[in-house]
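Structure first, then comments.
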Amino acid sequence: GMEVQIDRVFSKNFHAQFSLPHFMPRMPHSAYQLTFWARVGSSSAVTPEVAFLDVDEGYEWVGGAELALTESWQHIAMDPVFTQPAHKGHEIQIAFLIGATLADFFFDDIQLFEMDVPSPPPPSP
1 GMEVQIDRVF
11 SKNFHAQFSL
21 PHFMPRMPHS
31 AYQLTFWARV
41 GSSSAVTPEV
51 AFLDVDEGYE
61 WVGGAELALT
71 ESWQHIAMDP
81 VFTQPAHKGH
91 EIQIAFLIGA
101 TLADFFFDDI
111 QLFEMDVPSP
121 PPPSP
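In the UniProt record's numbering, the protein residues as written are 1 to 125.
Dropping the structure here:
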């Protein structure tokens, strides 16, 4: 597991973050699901954001969501993030944006799954 301590609050959530290694979509249409365990070490609920960002397009937002974390461990299975043909061959970063709240964050068993995406139908004759 991993602990991240935020010891001062930033005006923007992304001013304190950690990222997973970048990856590149292999197909024109791909879907990815991120799963992990998480909690915070404070009694109040905290809402960090997990963002999929296109590094090659100035960190353009591809997908993601805000999370509601509490003191209890919870298993997070995020909704799939779908990449488009323009993302193929681009580096995609998964960033945990955690700078807006004074808290100790705990994460474990972070996994990224590439999901099966059906091919678009062939064009009409």
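Don't be surprised by glycine CBs; every beta carbon is placed ideally from N, CA and C.
For Asp7, there is no enclosing beta strand (DSSP E), as DSSP marks it with neither H nor E. Between the C-alpha atoms of Gly41 and Ser72 there is a straight-line separation of about 9 Å. Scanning its chain for C-beta atoms nearer than 7 Å, with the 5 sequence neighbours on each side dropped, one finds around Glu114 the residues Ser30, Tyr32, in chain order. Beta-bridge pairing by DSSP links Arg39 to Phe106. In terms of Cα proximity to Phe10, the closest of Pro125, Pro28, Ala103 is Ala103. The residue from Ala100, Glu60, Gln93 with its alpha-carbon nearest to that of Leu67 is Ala100.
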